[in-house]
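Engineer: In terms of our numbering, the sequence shown opens at residue 204 and continues consecutively.
Have a look at this one before I ask anything.
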Amino acid sequence: LDMCISVATWPECMPGLVVFTETLMDQGAKMVFVSSSIDVEMSWNRLNELVPRLKTEYTYGEDYVFLGYRTGGAAAVAQMAVDLASIYPTDHYGT
């Protein structure tokens, strides 16, 4: 999931991200969260507040992972399709 939202866009974009996350969870999907927004950590923390079952019903590292911020725009996205580990060798927390 591309969390390409910033704090300034929360009123417009966060409700959609919450619904999308909840819908994917209802379907049992595994999720990878990434972003090209520099303040993604604040958005990630807010998403976890708004979707508390993400931490209670899902296991971090197995069912979902937060890779965090990455620069590079379209070039980084293209490289992710070829070799995700070259763009994100670890998750946001270094694991």
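The C-beta atom is built at its ideal place from N, Cα and C for all residues, glycine as well.
1) Please report the residue range of the alpha helix (DSSP H) in which LEU204 lies.
2) Using CA coordinates, which residue listed in GLY276, ALA277, LEU220 is at the minimum distance from ASN251?
3) Between the Cα of ARG249 and the Cα atoms of TYR291, ASP294, LEU287, THR212, which residue gives the shortest distance?
4) Apply the 10 Å Cβ neighbour rule to MET206 and answer buried if 16 or more other Cβ atoms are within range, or exposed otherwise.
5) For SER289, does the three-state DSSP call read helix, strand or coil?
6) Could you spell out where the alpha helix (DSSP H) holding SER246 opens and where it closes?
7) Closest by CA to THR226, which one among SER209, TRP247, GLU215, LEU204?
Structural biologist: This is what the structure gives:
1) Looking at the DSSP string, LEU204 is not in any alpha helix (DSSP H), and its letter there is neither H nor E.
2) Residue LEU220 is the option with its Cα nearest to ASN251.
3) The shortest C-alpha separation from ARG249 is found at THR212.
4) Buried, since its Cβ has 16 or more Cβ neighbours within 10 Å.
5) Judged by DSSP in its simplified three-state form, SER289 adopts helix.
6) Looking at the DSSP string, the run of the alpha helix (DSSP H) that includes SER246 is 243-253.
7) Check the Cα spacing between THR226 and each of SER209, TRP247, GLU215, LEU204: the tightest is with LEU204.
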